[in-house]
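Report on one structure; see the data block that follows.
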Amino acid sequence: MRWRPCLVWLAVLLLAVACSSSGEEPLPTLLNQMGFEQAPAPHEGELVYKKPLEGITLWVSLPQGLGQAPGPVLMIKAAGPGGALSPATDQALATSSEVAELVEAASRGAYPPKALAEVFRVAQEAAAQPPFNGALITSPKQGYALRVPHTKGHLQLVLLTRQAATAKGNDK
257 MRWRPCLVWL AVLLLAVACS SSGEEPLPTL LNQMGFEQAP APHEGELVYK
307 KPLEGITLWV SLPQGLGQAP GPVLMIKAAG PGGALSPATD QALATSSEVA
357 ELVEAASRGA YPPKALAEVF RVAQEAAAQP PFNGALITSP KQGYALRVPH
407 TKGHLQLVLL TRQAATAKGN DK
């Protein structure tokens with residue numbers, strides 16, 4: 257019978273730990289789990305990861321502070337034998353499950369794969385129109401916005417930004 261209070265205490269402690277954990281994987285941990293390897297970063301405090309795919313390499317940059325403040329949270333680029341602006345890199349950015357999973361995790365669910373696919377569809381349509389340069393920028397969604405710039409008719413990158421706190425009700 258003396259074990260019962262200990263077991264109850266242990267159960268309460270485990271429940272408290274389970275409730276306090278966010279359930280979200282930190283992005284560096286998620287990148288490692290997805291097979292990305294860390295690469296040298298051009299700026300102190302920035303983290304850069306890369307992962308080779310079929311003829312293309314995905315590059316992920318996490319800014320200093322890992323996106324905890326308003327501003328950049330995650331930047332994803334693709335590069336291949338033809339450089340960073342090619343149909344193959346467009347395809348890698350727009351259809352890669354790695355890109356979709358990272359954007360969904362970094363945006364805390366604001367941009368699930370289906371929503372991201374729609375953003376890429378519209379971005380590719382915009383890239384195909386003269387002057388073939390510009391950017392698709394989404395309205396903030398749950399505090400996050402996406403920017404997909406395009407040059408010479410090809411997608412350059414995907415940039416997820418955290419928006420500054422907005423007035424209640426403006427950010428849905």
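Sequential numbering from 257 applies to the sequence shown in my numbering.
For glycine and all other residues, C-beta sits at the position ideal for the given N, C-alpha and C.
Treat the numbers as computed from the prediction; the structure is a model and nothing was measured.
Buried or exposed, going by whether 16 or more other CB atoms sit within 10 Å of the CB of residue i?
i	result
Thr285	exposed
Ala420	exposed
Phe388	exposed
Ala362	buried
Ala334	buried
Val378	exposed
Ala384	exposed
So for residue i, helix, strand or coil by DSSP?
i	result
Ser353	helix
Leu358	helix
Pro308	strand
Arg377	helix
Lys370	helix
Leu411	strand
Ala334	strand
Gln294	strand
Thr417	strand
Leu435	No statement about residue 435 is possible, as the shown extent of the chain runs from 257 to 428 and does not include it.
Ala340	coil
Ala391	strand
Pro284	helix
Ala384	coil
Ser277	Interpretation of Ser277 is limited by its pLDDT of 36, a score under 50 that renders its predicted location unreliable; the figure taken from the coordinates is listed afterwards. Ser277 falls in the coil class under three-state DSSP.
Leu263	No answer about Leu263 holds up, because its pLDDT of 47 lies below 50 and its placement is not dependable.
Please state whether the Cβ-Cβ distance between residue i and residue j is less than 8 Å.
i	j	result
Val355	Val414	yes
His406	Ala391	yes
Leu330	Leu416	yes
Ala350	Phe376	yes
Which value, in whole angstroms, describes the spacing of the CA atoms of residue i and residue j?
i	j	result
Ala344	Ile312	7 Å
Ala366	Pro386	30 Å
Pro298	Pro319	11 Å
Glu280	Leu358	Because the pLDDT of Glu280 is 48, which lies under 50, any placement of that residue in the model is unreliable, and the question is left without a value.
Gly336	Val316	15 Å
Pro368	Lys397	11 Å
Leu372	Leu287	19 Å
Ser342	Pro328	25 Å
Gly301	Lys408	32 Å
Tell me which residues share the same chain as residue i and place their Cβ nearer than 8 Å to its Cβ, disregarding the 5 neighbours each side in the sequence.
i	result
Glu293	Tyr305, Lys306 and Lys307
Ser395	Ala401
Gly338	Ala344 and Thr345
Which residues in the same chain have their Cβ closer than 7 Å to the Cβ of residue i, if we skip the five residues on either side of it in sequence?
i	result
Asp346	Gln380, His410 and Leu411
Ala348	Leu309, Ile312, Leu314 and Ala334
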